[in-house]
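Reviewing the structure listed below.
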Amino acid sequence: MCGRRGGGRAAGLLRWCTLLSGLVESLFFTGMVFGWASLVFVLKADGYFAGHCANATGEGNYAAAAAAPYTDCSGQDEHLSWVLSVASISNTIIRFPIGYVFDRCGTTVTRLIAIFLYTASTLTISLSNAETSMLLYPAVSCLIISGGLLYVTNAQVGNLFDSYRSTVITIYNGAFDSSAVVFLIVKLLYERGVSLRSSFLFLTSCSVLLILRTIFLMPRGHIPYPPPENYTYGVSCPGRRRGKREEEEEGKEEIKEADGKKNLQEDRAEDDGTSALQLIKKTQHDTKQEEASFRSCVLSWLFLWHLVWCVTIIFCHFIFLSTVNPTLTRLANNDQTLVSHYTNAFALIQLCGVLYAPMSGLIMDRHKRRPLAPGETKREADLCSSTLALFLTSLQCFLFFLCFTVPVLPLQYITFILHAVNSAFFYGGHQAFVSMAFPMTHFGKISGVALSVSALALLLQFPVLHLIQHKLLGDPLYVHVGVTLVSLLAFIHPAHVSLYCSKLTKQRKTQQKGSVQFSARC
């Protein structure tokens, strides 16, 4: 790491090491909770919450309860669904304060919190058993929160690759979804004699890798966008350590350089006969966007409809994850061999998320290779390019839950594929949209508040799950029909962004027309 690390070749190597190590980290440590269906299979086999089965032989007799041939274990299924529901709500509630910590304290502090939660959760699960099933509630909650924190710190790596910024973010998101394969591996090892405790003790030991990456391949603060030419980070030689004062001086130099470029552009504009008024308006618009307060961003229609979009899709996803295992059991007529087959298929399809997640980013970055139109801002170009990805994400959500609603077991293969694609599009699209629509100084807070508010909608999971188990006798058909209709709300956001972009384009053309008339009068 020492020496001329700030040089072009060394800096490029450092950035690629950060990118690839982040991909591995996202693939194995961030979204493993999305493989919940695989872990549920192991937990039920080990007798977790088996005392809630209808034919329990006696209070506290968990070993006998696990081995008994029950005809009704809806109580066990309900508690295992609640574990994921509580975890998902905890994750979304805490996203805003964590986003604030990320914006305020930087990457290192945020990642240390994530590593602590990850280690505590995996260690707790490894030490738990059927008698201490309630430990799953805090353990799984900490596990899903830690994964979200690691993903937020990794999303900024896209700033190092300007032309493929959204693509990098969505690739990480695909790896985030694909990390569900970790629980599939745990399930397969369990079927071959490896205990749940041994698997999670190994996962606990892997926290050392997270610490090493935090020290050597991630910044203490934030990765700026765009990064300075000689930008570097991580551990350096004692004489080369960059303090806050040096970073501030570098920031002042960047501002001076930017001011010089702006003056040069104005001089060229005068030589070319371009209206100075147009440049002034464009500069004022960009400055206004950069100086927008957090309050004004949160109260804007652009954010509010994005919030509706997030709440709708997250609600659909977690209702699916909470009910997929009992739904498969019902459709398979309680044939556990068939349920295991479909559970494995679901996890393998989720593993492929890292392959098709970049499609969303490529759609958003497709405009980067063309020059901006006269007077067009980079933000306007990014927003207009995001409309198609937002629409496709909404369409995928509707289609995957529609297939899930149809009570035909083979059709669930299509459901699994659409769910995995939609999950990859959604989480990557959410982060990419927030980064392009709002100032980067509020990225962590805005991204976090959108997911935190979603917790209010996720609270509906509890009455929904209670309704399925106790009022509908375990048949979720009517609930699934209702959720499918609710998913249509997601289409409002891409429609609003499209109208917003049309308004920006109209204003730009009007300003250009006014500038031409002003120039003619002069």
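Sequential numbering from 264 applies to the sequence shown in the working numbering. Cβ atoms here follow ideal geometry from the backbone N, Cα and C, with glycine treated the same way. Only a predicted model underlies this, so the values are computations on that prediction, with no experimental measurement involved.
Cβ distance (whole Å) where residue i is taken to contact residue j below 8 Å
i: Asn422; j: Pro490; result: 6 Å
i: Ile709; j: Val561; result: 7 Å
i: Leu815; j: Ser462; result: Within the shown structure, residues of the chain are numbered from 264 to 785, placing residue 815 beyond reach of any answer.
i: Ala393; j: Ala317; result: That pair is no contact at about 17 Å.
i: Leu735; j: Val571; result: With 8 Å as the limit, Leu735 and Val571 do not qualify as a contact, their Cβ atoms being about 27 Å apart.
i: Ser715; j: Ile356; result: 6 Å
i: Leu672; j: Leu594; result: 4 Å
i: Leu646; j: Val498; result: No, Leu646 and Val498 are not in contact; Cβ-Cβ is about 38 Å, not under 8 Å.
7 Å Cβ shell around residue i - same chain, five flanking residues per side excluded
i: Cys579; result: Cys660, Phe664, Val746, Ser750
i: Ser603; result: Phe304
i: Thr575; result: Val749, Ser750, Leu752, Ala753
i: Ser470; result: Ile378, Tyr381, Thr382
i: Ser389; result: Arg460, Phe463, Leu464, Thr467
With 16 other Cβ atoms within 10 Å as the buried cut-off, status of residue i
i: Thr773; result: exposed
i: Gln599; result: exposed
i: Thr395; result: exposed
i: Phe379; result: exposed
i: His756; result: buried
i: His743; result: buried
i: Asn436; result: buried
i: Ile478; result: exposed
i: Asn588; result: buried
i: Pro634; result: exposed
i: Ala652; result: buried
i: Ile474; result: exposed
i: Trp279; result: exposed
i: Met295; result: buried
i: Tyr605; result: buried
i: Lys766; result: exposed
i: Met397; result: exposed
i: Leu730; result: exposed
Residue i and residue j closer than 8 Å at C-beta
i: His569; j: Ala383; result: no
i: Gly285; j: Thr370; result: no
i: Phe465; j: Gly298; result: no
i: Asp440; j: Ser717; result: no
i: Thr293; j: Tyr414; result: yes
i: Tyr494; j: Met481; result: no
i: Gln724; j: Phe581; result: yes
i: Tyr381; j: Val346; result: no
i: Ile577; j: Leu386; result: no
i: Tyr763; j: Leu565; result: yes
i: Ala418; j: Gln694; result: yes
i: Arg771; j: Gly638; result: yes
i: Gly707; j: Phe424; result: no
i: Met703; j: Tyr363; result: no
i: Thr467; j: Thr416; result: no
i: Arg358; j: Gly737; result: no
i: Ala212; j: Ser301; result: Past the edges of the chain, shown from 264 to 785, lies residue 212, and the structure says nothing about it.
i: Tyr676; j: Ala758; result: no
Beta-carbon proximity list for residue i, same chain, < 6 Å, skipping 5 on both sides
i: Ser344; result: Ser585, Leu728
i: Thr656; result: Phe688, Phe689, Gly692
i: Ile680; result: Ile612
i: Asn354; result: Ile407, Ile408, Gly411
i: Ala330; result: Note that Ala330 scores 47 on pLDDT, short of 50, meaning its location in the model is unreliable; the coordinates nonetheless yield the value given after this. There are no such residues.
i: Pro621; result: Thr430, Thr433, Ile434
i: Val449; result: Ser462
i: Phe696; result: Ser649
i: Lys524; result: Caution is warranted here: a pLDDT of 46 is assigned to Lys524, below 50, making its placement in the model unreliable, and no coordinate value can be reported.
i: Gln547; result: Bear in mind that a pLDDT of 45 at Gln547, under 50, signals an unreliable position, so the number given afterwards is only what the model happens to contain. Closer than 6 Å at Cβ, skipping near neighbours: no residue.
i: Leu614; result: Ser441, Val444
Extent of the continuous alpha helix (DSSP H) to which residue i belongs
i: Arg374; result: 370-390
i: Ala555; result: Per DSSP, Ala555 belongs to no alpha helix (DSSP H) and is neither H nor E.
i: Thr600; result: 599-614
i: Glu454; result: 444-454
i: Glu643; result: 641-668
i: Ala753; result: Unbroken run through Ala753: none, as it is neither H nor E.
i: Val587; result: 564-594
i: Arg476; result: 470-479
i: Thr416; result: 399-418
i: Tyr676; result: 675-700
i: Lys307; result: 299-308
Sequence-distant residues of the same chain with beta carbon closer than 8 Å to residue i, five excluded per side
i: Asp309; result: Ala329, Asn392, Ala393, Leu459
i: His315; result: Cys336, Gly338, Gln339, Glu341, His342
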